[in-house]
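If you read the protein sequences in the order shown, they are chains F, L, E and U. Once you know that position 67 of the first sequence is 67 in UniProt numbering, the rest is easy, because the numbers rise by one and skip nothing. Once you know that position 130 of the second sequence is 130 in UniProt numbering, the rest is easy, because the numbers rise by one and skip nothing. Once you know that position 23 of the third sequence is 23 in UniProt numbering, the rest is easy, because the numbers rise by one and skip nothing. Once you know that position 112 of the fourth sequence is 112 in UniProt numbering, the rest is easy, because the numbers rise by one and skip nothing. Let me begin by presenting the structure, written as structure tokens, before commenting on it.
Number of protein chains: 4
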Amino acid sequence: MIFTAELPIRFAHCDPAGIVFYPRYFEMMNGVVEDWCAQGLACSFHEMHIARGIGLPTVHLETDFIKPTELGESLLAELVVTKLGKSSVELQICFRGPQQDMRLKAKLVLVMMDLKLRKSIAISDELSTAMQKYCKI
Amino acid sequence: MIFTAELPIRFAHCDPAGIVFYPRYFEMMNGVVEDWCAQGLACSFHEMHIARGIGLPTVHLETDFIKPTELGESLLAELVVTKLGKSSVELQICFRGPQQDMRLKAKLVLVMMDLKLRKSIAISDELSTAMQKYCKI
Amino acid sequence: MIFTAELPIRFAHCDPAGIVFYPRYFEMMNGVVEDWCAQGLACSFHEMHIARGIGLPTVHLETDFIKPTELGESLLAELVVTKLGKSSVELQICFRGPQQDMRLKAKLVLVMMDLKLRKSIAISDELSTAMQKYCKI
Amino acid sequence: MIFTAELPIRFAHCDPAGIVFYPRYFEMMNGVVEDWCAQGLACSFHEMHIARGIGLPTVHLETDFIKPTELGESLLAELVVTKLGKSSVELQICFRGPQQDMRLKAKLVLVMMDLKLRKSIAISDELSTAMQKYCKI
Numbered sequence: 001m002i003f004t005a006e007l008p009i010r011f012a013h014c015d016p017a018g019i020v021f022y023p024r025y026f027e028m029m030n031g032v033v034e035d036w037c038a039q040g041l042a043c044s045f046h047e048m049h050i051a052r053g054i055g056l057p058t059v060h061l062e063t064d065f066i067k068p069t070e071l072g073e074s075l076l077a078e079l080v081v082t083k084l085g086k087s088s089v090e091l092q093i094c095f096r097g098p099q100q101d102m103r104l105k106a107k108l109v110l111v112m113m114d115l116k117l118r119k120s121i122a123i124s125d126e127l128s129t130a131m132q133k134y135c136k137i
Numbered sequence: 001m002i003f004t005a006e007l008p009i010r011f012a013h014c015d016p017a018g019i020v021f022y023p024r025y026f027e028m029m030n031g032v033v034e035d036w037c038a039q040g041l042a043c044s045f046h047e048m049h050i051a052r053g054i055g056l057p058t059v060h061l062e063t064d065f066i067k068p069t070e071l072g073e074s075l076l077a078e079l080v081v082t083k084l085g086k087s088s089v090e091l092q093i094c095f096r097g098p099q100q101d102m103r104l105k106a107k108l109v110l111v112m113m114d115l116k117l118r119k120s121i122a123i124s125d126e127l128s129t130a131m132q133k134y135c136k137i
Numbered sequence: 001m002i003f004t005a006e007l008p009i010r011f012a013h014c015d016p017a018g019i020v021f022y023p024r025y026f027e028m029m030n031g032v033v034e035d036w037c038a039q040g041l042a043c044s045f046h047e048m049h050i051a052r053g054i055g056l057p058t059v060h061l062e063t064d065f066i067k068p069t070e071l072g073e074s075l076l077a078e079l080v081v082t083k084l085g086k087s088s089v090e091l092q093i094c095f096r097g098p099q100q101d102m103r104l105k106a107k108l109v110l111v112m113m114d115l116k117l118r119k120s121i122a123i124s125d126e127l128s129t130a131m132q133k134y135c136k137i
Numbered sequence: 001m002i003f004t005a006e007l008p009i010r011f012a013h014c015d016p017a018g019i020v021f022y023p024r025y026f027e028m029m030n031g032v033v034e035d036w037c038a039q040g041l042a043c044s045f046h047e048m049h050i051a052r053g054i055g056l057p058t059v060h061l062e063t064d065f066i067k068p069t070e071l072g073e074s075l076l077a078e079l080v081v082t083k084l085g086k087s088s089v090e091l092q093i094c095f096r097g098p099q100q101d102m103r104l105k106a107k108l109v110l111v112m113m114d115l116k117l118r119k120s121i122a123i124s125d126e127l128s129t130a131m132q133k134y135c136k137i
């Protein structure tokens, strides 16, 4: 399974060159992970942070910016799990343009954390099982 | 007619107190105006900026922040035109919570500008007619 | 006394028209209030939020955007107290360009809050005395 | 030579967990590159974009987020050139905490672009010479 999300490119995302300012891509990317947790894993950031006292911070990130994106375009984000560990998960996220052309390709490593102790903890069986559905074989 | 838009509150919008950081409200508000132009007036920011060389900057803003908004909530934005001049338009934008409770109430004055000349210009008849449909009597 | 701060205009602040995107002005404005608290009132946001469990959210805001600001310019912010109440403080903040020309003029009302109870509380005598030094007669 | 910049951590940078929201690190990182161009290379982004019609977009990025950063801390950014090509330059940027402890380590590849043609171009001799001073042997 691939988790997908639509990303309309807004005025707020664009720089004086009229294209997406790259730090804004990461706000969008975080939004994709947020939607995946809420819709794909049935455990929203709000639920994690407020009710469970856990978080899923990004500890490593690699990104290729392949083609610039202009104001008014709409991108499609695709998220898959590429590795699933005891307390970490590796994701691949691609942003594609209207012609399916790749705009950005990223690898993220997220770690399950206890927010109070600031320590990594095991991903719960429930979440791990939900994540497995998005594993790319 | 009232122009409406849904605003999911994201992790990126929230501050260390767990509520929306107020400058993020204005990014959302600009997004509402952007959607209104594209969907309500049939003239996107991209069309304005790139094809026509015009813009609709905000020159005056008044906002009451009535109740804080938390991570995970979803707001409803409502936009109406409260005054329509030769080159300016006054909008009222409200953000409401899930129980229709008012979170934020804003008055914005936007001015139609020629981007190259950096001068105000008359709103075209076509745009003015489209804006009139959203006038609150 | 007037509290002042320098604001270099960065690429991240500017929109496809090459000028400051107005929600970014409010990020800067919040930074000015933050610096005023830390340097002018000797009580940083960190101290307020983490150690004391209080906050100073903005409940009302009025802004005139007088002249656009371009990438590469440097603004000067000026903050004065225009009204000081039991639990609220009204500020006037101006952003000026290199020729002292006014770019933005804002009135903000901030309220001292207990973050846990989400209720307004009295401004402490210590903070109130510190704020008085910035009162515009 | 190492290019350095101070980065005060603001309320605007922090998330509901009270630590820097990672997309904000990239806004800061872009600011460091911006300052390096203006102060270290004597060619500001404004000069590049407006006067010369060139830009220096990031095409590849790798980041390790080593330790979280809290509201109220101040980081030190260190920038060095790790590779200098005909039209591209590879940078290493580190963010350190008050005890010199590493918070973030990034590798960026930037490419000199003609903004109108949207094509890579050779880095000018003048800029290349200036960049060489920051090369890590």
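Every residue, glycine too, gets a C-beta built ideally from N, C-alpha and C.
If you check the CB distance, F:LEU91 and F:VAL111 do not come in under 9 Å. Per DSSP, U:VAL59 has no beta-bridge partner at all. Per the DSSP secondary-structure output, U:LEU110 pairs in a beta bridge with U:THR58 and U:VAL89.
Cβ-Cβ distances below 7 Å link E:GLU73 to ILE9, GLY97 and PRO98 in the same chain, with the five nearest sequence neighbours on each side left out; the list follows chain order.
Not a single C-beta of chain F is nearer than 9 Å to the C-beta of L:ILE93. For U:GLU6, the enclosing beta strand (DSSP E) covers residues 3-8. With contacts defined by Cβ atoms closer than 9 Å, F:LEU71 and L:HIS13 do not form a contacting pair. One finds GLU62, THR63, ASP64 and PHE65 in chain U with Cβ atoms closer than 9 Å to the Cβ of F:HIS60, taken in chain order.
Short of 8 Å from the beta carbon of E:ILE54, and not among the five residues preceding or following it, lie these beta carbons of its own chain, in chain order: MET48, MET112, MET113, ASP114, LEU115 and ILE121.
F:GLU78 is outside the set of residues whose beta carbon lies under 9 Å from a beta carbon in chain U.
Here F:MET131 is not near F:LEU75, since their CB atoms are 9 Å or more apart.
One alpha carbon belongs to L:TYR22, the other to F:GLU62, and they sit about 31 Å apart. E:ARG96 is bridged by DSSP to E:LEU76 and E:MET102.
Taking E:GLU6 as the centre and dropping the five residues before and after it, the same chain places the C-beta of SER74, LEU75, LEU76 and ALA77 closer than 8 Å to its C-beta, in chain order. Judged by beta-carbon spacing, U:PRO68 lies beyond the 9 Å limit of U:ARG118, meaning their Cβ atoms are not closer than that value. Note on geometry: alpha-carbon atoms of F:ILE19 and E:ASP15 lie some 10 Å from one another. In this structure, E:LEU84 sits away from E:VAL33, with a CB-CB distance that is not shorter than 9 Å. Per DSSP, U:PRO23 is one residue of the alpha helix (DSSP H) stretching across 22-35. For E:THR129, the enclosing alpha helix (DSSP H) begins and ends at 125-132. For the region 9-30 of chain F, the residues whose beta carbon sits under 8 Å from a beta carbon of chain L are, in order, ARG10, PHE11, ALA12, GLY18, GLU27 and ASN30.
DSSP lists L:ILE19 as the bridge partner or partners of L:GLU70. When the Cα atoms are used, F:VAL89 and L:ALA42 turn out to be separated by approximately 43 Å.
Residue environment for E:ASP35: buried (at least 16 other C-beta atoms within 10 angstroms of its C-beta). The alpha-carbon of U:SER87 is positioned some 17 Å away from that of U:LYS107.
For E:PHE65, the beta-bridge partners assigned by DSSP are E:LEU104. In this structure, the beta-carbon distance from F:PHE65 to U:VAL59 falls below 9 Å. Taking the C-beta atoms as reference points, F:GLY40 is found no nearer than 9 Å to F:PHE95. When the alpha-carbon of L:SER124 is set against those of L:GLN100, L:ILE93 and L:LEU56, the nearest one is in L:LEU56. One finds nothing in chain F with a Cβ atom closer than 9 Å to the Cβ of E:LEU104; even the nearest lies about 18 Å away.
Residue pairing of U:SER120 in beta bridges, as defined by DSSP: U:MET113.
Sequence-ordered contacts of the region 100-128 of chain U with chain F read LEU115 and ARG118 [C-beta pairs closer than 8 Å]. Close CB contacts of U:ALA38 within its chain, under the 6 Å cut and outside five residues either way in sequence, are with SER44 (chain order). Chain U places a beta carbon closer than 9 Å to that of F:PRO68, counting this residue as a contact.
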